[in-house]
Amino acid sequence: MKKPFTSFASRLVPLPVRNVDTDQIIPARFLKTISKEGLGDQLFCDWRYDAEGKPKPDFILNQPRWRGAEILLAGDNFGCGSSREHAPWALTQFGFRAVISTSFADIFRQNSMKNSLLPIIVSGDVHRELFELVDKDPDVRVFVDLAAQQLTLPDGRNIEFPVDSFAKHCMLEGVDDLGYIQQHMDAIEAFEKRRTSSINTLAGKGWLPY
Amino acid sequence: MSKPRTIAEKIWDSHVVQEQDGAPALLYIDFHLVHEVTSPQAFQGLRERGLKVRRPDLTMATVDHSIPTTDRSLPILDPIAAAQVARLEANAAEFGVPCLGVHSERQGVVHVVGPELGLTQPGMTVVCGDSHTATHGAFGALAFGIGTSEVELVLATQCLPQRKSKTYQVIVEGALRPGVSAKDIILALIAKIGTGGGTGCVLEYTGAAIRALSMEERMTVSNMSIEGGARAGLIAPDDVTFDYLYGRPFAPKGAAWEEALIRWRQLPTDEGATYDLSVSLDASALEPMITYGTSPGQGIPVTGVVPDPAAIGNAVEREAVEKALRYMGLEGGKPLLGHPVDVVFIGSCTNGRIRDLRDAARVLKGRKVNPKVRTLVVPGSQQVKREAEAEGLPEIFRAAGAEWREPGCSMCIAMNGDEVEAGKYSVSTSNRNFEGRQGKGSRTFLASPLTAAAAAVTGVVTDVRTLL
Numbered sequence: 131m132k133k134p135f136t137s138f139a140s141r142l143v144p145l146p147v148r149n150v151d152t153d154q155i156i157p158a159r160f161l162k163t164i165s166k167e168g169l170g171d172q173l174f175c176d177w178r179y180d181a182e183g184k185p186k187p188d189f190i191l192n193q194p195r196w197r198g199a200e201i202l203l204a205g206d207n208f209g210c211g212s213s214r215e216h217a218p219w220a221l222t223q224f225g226f227r228a229v230i231s232t233s234f235a236d237i238f239r240q241n242s243m244k245n246s247l248l249p250i251i252v253s254g255d256v257h258r259e260l261f262e263l264v265d266k267d268p269d270v271r272v273f274v275d276l277a278a279q280q281l282t283l284p285d286g287r288n289i290e291f292p293v294d295s296f297a298k299h300c301m302l303e304g305v306d307d308l309g310y311i312q313q314h315m316d317a318i319e320a321f322e323k324r325r326t327s328s329i330n331t332l333a334g335k336g337w338l339p340y
Numbered sequence: 219m220s221k222p223r224t225i226a227e228k229i230w231d232s233h234v235v236q237e238q239d240g241a242p243a244l245l246y247i248d249f250h251l252v253h254e255v256t257s258p259q260a261f262q263g264l265r266e267r268g269l270k271v272r273r274p275d276l277t278m279a280t281v282d283h284s285i286p287t288t289d290r291s292l293p294i295l296d297p298i299a300a301a302q303v304a305r306l307e308a309n310a311a312e313f314g315v316p317c318l319g320v321h322s323e324r325q326g327v328v329h330v331v332g333p334e335l336g337l338t339q340p341g342m343t344v345v346c347g348d349s350h351t352a353t354h355g356a357f358g359a360l361a362f363g364i365g366t367s368e369v370e371l372v373l374a375t376q377c378l379p380q381r382k383s384k385t386y387q388v389i390v391e392g393a394l395r396p397g398v399s400a401k402d403i404i405l406a407l408i409a410k411i412g413t414g415g416g417t418g419c420v421l422e423y424t425g426a427a428i429r430a431l432s433m434e435e436r437m438t439v440s441n442m443s444i445e446g447g448a449r450a451g452l453i454a455p456d457d458v459t460f461d462y463l464y465g466r467p468f469a470p471k472g473a474a475w476e477e478a479l480i481r482w483r484q485l486p487t488d489e490g491a492t493y494d495l496s497v498s499l500d501a502s503a504l505e506p507m508i509t510y511g512t513s514p515g516q517g518i519p520v521t522g523v524v525p526d527p528a529a530i531g532n533a534v535e536r537e538a539v540e541k542a543l544r545y546m547g548l549e550g551g552k553p554l555l556g557h558p559v560d561v562v563f564i565g566s567c568t569n570g571r572i573r574d575l576r577d578a579a580r581v582l583k584g585r586k587v588n589p590k591v592r593t594l595v596v597p598g599s600q601q602v603k604r605e606a607e608a609e610g611l612p613e614i615f616r617a618a619g620a621e622w623r624e625p626g627c628s629m630c631i632a633m634n635g636d637e638v639e640a641g642k643y644s645v646s647t648s649n650r651n652f653e654g655r656q657g658k659g660s661r662t663f664l665a666s667p668l669t670a671a672a673a674a675v676t677g678v679v680t681d682v683r684t685l686l
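Here the protein sequences line up with chains A and B, keeping their order.
Anchor point for the first sequence: position 62 equals 192 in the numbering used here, and the numbering is continuous, going up by one each time.
Anchor point for the second sequence: position 87 equals 305 in the numbering used here, and the numbering is continuous, going up by one each time.
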């Protein structure tokens, strides 16, 4: 059972880079693990550490002032490239609960919601405004309410954001979609019976490893 | 008359198990490919929940990402990679999933072996915990990459809750000129629509230039759909598709083949069907393409100049180009032709098939690789390797001074020890030029096998047409 996603207020860590791919979020050499754990230290590894493995002081996630912030304010098209779920695992293990951008890559967005990491899509105007707010005052906080699908800015304005209703339900309840699919096992079995006669399947073809 | 539908809509409709108001549709998955990197946590999840693999007969595993491309009779030296590969083989055995393991004569890159065995067929839904699953769309299958949580769902139930994507028609008319290949079509498309251009969409590649491509070339195109942001990219099946499939080990045989053909011929998009979006490319105007930056959308004709950030009005766009050029150590406003190259990689799920190796051999035959350039040729599968050997290609590569390796993902993702050193330049036939993709600090120019082979010979970025 996952923890239900609750509303929260947080500061925003600005990362104004476009098309951040999942190879940047977590480089491929760390994907040899067979575990989901221990990936937070490798988040943005090649931007975060120098050749000797020492934290680069100029990279934002290494700056003490941002410690504890739970929202990443990212550039357009965040999470593109590889389908690795290690990316949301690394982000959540580092401490992020939401990422704000104008757009997310499809697979990353789905992977995130399955791991209680909320991708918040805002308009270009709101996106720019958020970067300006953080630039003026790094301690600025916003409030994230998934149930209401609202982001509340410091001046009290509520910004609505789109979320898939089913994914939202799963996040708020802390359930995954396996239970939902399992409610429909009869329908799946009926579908399989129906289609073996009309649609080719791979079954019964001497399917063996070579 | 029912409403005219696109091929993507037809496949979608025939795979919906259940659809309730508000909830995503339950989509049935016909074929699930599994590899060592994105599956261990999914199998562990099944174990923790006490679940089995529902349809091991619709599932196939292979090892590709973490395995060395050196002599297979030797043990894997990297203990972490060795453990991951061993874990896949053990998981497959425990859950009854067929597995093309390290020593299988059918082992290969997941998106190369599915098609070559005839497992990928028109009208199917295909998934894999790998974003290049879009490759299988070349057969007129709805094929898309998924995350590890979804791998677990498909293993357990053979279904995925899904929302229907938008449809996006890519029209490529005209005929490719000599020296210009399928890779150049897809690099030009991504340069045009951007890496997020296809987000939320299923692409369908149409037009005379697509119809004229072989299956292997079509796979190169659909493979990189994800680099344009689209999870899937299809090409309607036709006689080229059927000829490729006929006689493959898992293709239907006899009467079943005839029945399949009737079904498959009904798949192409109906006359009058509409798409949510569309874009056109003129294949006859294309030149060999190459990327200069750190995103696959940052591509230019090989004879072109790298964009000058100073000339870009949009600040966000300018910063993106500046950042890429800084990483790549390039200057805006200058040509890439003549830029020194340290490594050439020919292989991957994009360009690791026999047709790609033939293209590379065409350029390398009777020539020598520039001594400054390390050139790796990595076949996409054991079968591709055998085909190449039967045609005498390894002799051509070796005589030229290139390395002929064992099959795997190799330098496309640099997880297996095949890496480009920091600061070095590679011309690569793979699909991603992201920072560090080919090894920490590596700098990648993406291009076709022809263009890559040309760079191997000259040691610099070259217009292959000068060598043909």
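Quick reminder that beta carbons are idealized off the backbone N, C-alpha and C, glycines included.
Counting only the same chain and skipping the five closest in sequence on each side, list residues whose C-beta sits under 6 Å from that of residue i.
i, result
"K401 (chain B)", "T438, S666"
"R148 (chain A)", "G205, D206"
"E215 (chain A)", "N241"
"F620 (chain B)", "Here residue 620 (chain B) is Ala; the residue named in the question, Phe, does not match the sequence. V587, T593, V595, listed in sequence order."
"S253 (chain A)", "none"
"P468 (chain B)", "As written in the sequence, residue 468 (chain B) is Phe, which differs from the Pro given in the question. L335, G336, L337."
Is it buried or exposed, residue i, if we count other Cβ atoms within 10 angstroms and call 16 or more buried?
i, result
"K603 (chain B)", "buried"
"S349 (chain B)", "buried"
"I404 (chain B)", "buried"
"E476 (chain B)", "exposed"
"T248 (chain B)", "According to the sequence displayed, residue 248 (chain B) carries Asp and not Thr. Buried: at least 16 other Cβ atoms inside 10 Å."
"I480 (chain B)", "exposed"
"P194 (chain A)", "exposed"
"Y510 (chain B)", "buried"
"G304 (chain A)", "exposed"
"Q339 (chain B)", "buried"
"K636 (chain B)", "A quick correction: the sequence has Asp, not Lys, at residue 636 (chain B). Result: buried."
"P284 (chain A)", "exposed"
"N288 (chain A)", "exposed"
"G347 (chain B)", "buried"
"G334 (chain A)", "Summary for G334 (chain A): the model assigns pLDDT 47, below 50, so the residue's position carries little reliability; its value from the coordinates is reported in the next sentence. Burial call: exposed."
"S295 (chain A)", "exposed"
"Y464 (chain B)", "exposed"
"L276 (chain B)", "buried"
Since residue i sits in a beta bridge, which residues does DSSP pair it with?
i, result
"F663 (chain B)", "B:V645"
"C210 (chain A)", "A:D151"
"D500 (chain B)", "B:E391"
"Q280 (chain A)", "A:D275, A:E290"
"H122 (chain A)", "Look at the range of chain A in this structure, 131 to 340, and you will see that residue 122 (chain A) is not part of it."
"H233 (chain B)", "DSSP output for H233 (chain B) lists no bridge partner at all."
Cα separation between residue i and residue j?
i, j, result
"R536 (chain B)", "I518 (chain B)", "16 Å"
"G211 (chain A)", "E445 (chain B)", "6 Å"
"S440 (chain B)", "E262 (chain A)", "40 Å"
"S257 (chain B)", "L169 (chain A)", "16 Å"
"V274 (chain A)", "L281 (chain A)", "5 Å"
"V271 (chain B)", "L582 (chain B)", "46 Å"
"I364 (chain B)", "R585 (chain B)", "42 Å"
"V520 (chain B)", "I530 (chain B)", "20 Å"
"F158 (chain A)", "D236 (chain A)", "In the sequence as displayed, the identity of residue 158 (chain A) is Ala instead of Phe. Between A158 (chain A) and D236 (chain A), the C-alpha separation is close to 19 Å."
"Y340 (chain A)", "P134 (chain A)", "Residue placement at Y340 (chain A) is poorly supported in this model, since its pLDDT is 35, which falls under 50; the coordinates still yield a value, given next. Spanning the two alpha carbons is a distance of roughly 45 Å."
"G610 (chain B)", "R466 (chain B)", "23 Å"
"M442 (chain B)", "L407 (chain B)", "10 Å"
So, for residue i: in the same chain, excluding its five sequence neighbours on each side, which residues have a beta-carbon less than 7 Å away from its beta-carbon?
i, result
"V390 (chain B)", "I403, Y423, G425, A427, I428, L499, A501"
"V320 (chain B)", "V281, I285, R290, V303"
"G164 (chain B)", "Because chain B here runs from 219 to 686, residue 164 (chain B) falls outside it and cannot be looked at."
"P525 (chain B)", "V539, G550"
"E653 (chain B)", "T512, Y545"
"T459 (chain B)", "P340, F357, G358, M433"
"F138 (chain A)", "E200, R227, V274"
Quick check: is any heavy atom of the ligand NAP less than 7 Å from the C-beta of residue i?
i, result
"G515 (chain B)", "Here there are no bound small molecules, and the ligand NAP is not part of this structure."
Enumerate in chain order the residues of its own chain whose CB-to-CB distance from residue i is below 8 Å, with the five nearest sequence positions on each side excluded.
i, result
"A503 (chain B)", "G392"
"V616 (chain B)", "Per the sequence shown, residue 616 (chain B) should be read as Arg rather than Val. W622."
| Does the count of Cβ pairs from the region 636–643 of chain B and the region 371–380 of chain B closer than 8 Å reach three? | Touching, no, given that fewer than three Cβ pairs across the two stretches are closer than 8 Å.
| query | Can we say the region 262–275 of chain A touches the region 136–153 of chain A, given the rule of at least three CB pairs closer than 8 Å? | reply | Inter-segment contact for the region 262–275 of chain A and the region 136–153 of chain A is present: three or more beta-carbon pairs are separated by less than 8 Å.
| field | Meets three-Cβ-pair contact criterion under 8 Å: the region 591–599 of chain B and the region 620–635 of chain B | value | A contact exists between the region 591–599 of chain B and the region 620–635 of chain B.
| If you pair each beta-carbon of the region 304–321 of chain A with each one of the region 376–390 of chain B, do three or more pairs fall below 8 Å? | Judged by Cβ distances under 8 Å, the region 304–321 of chain A makes contact with the region 376–390 of chain B, as three or more pairs qualify.
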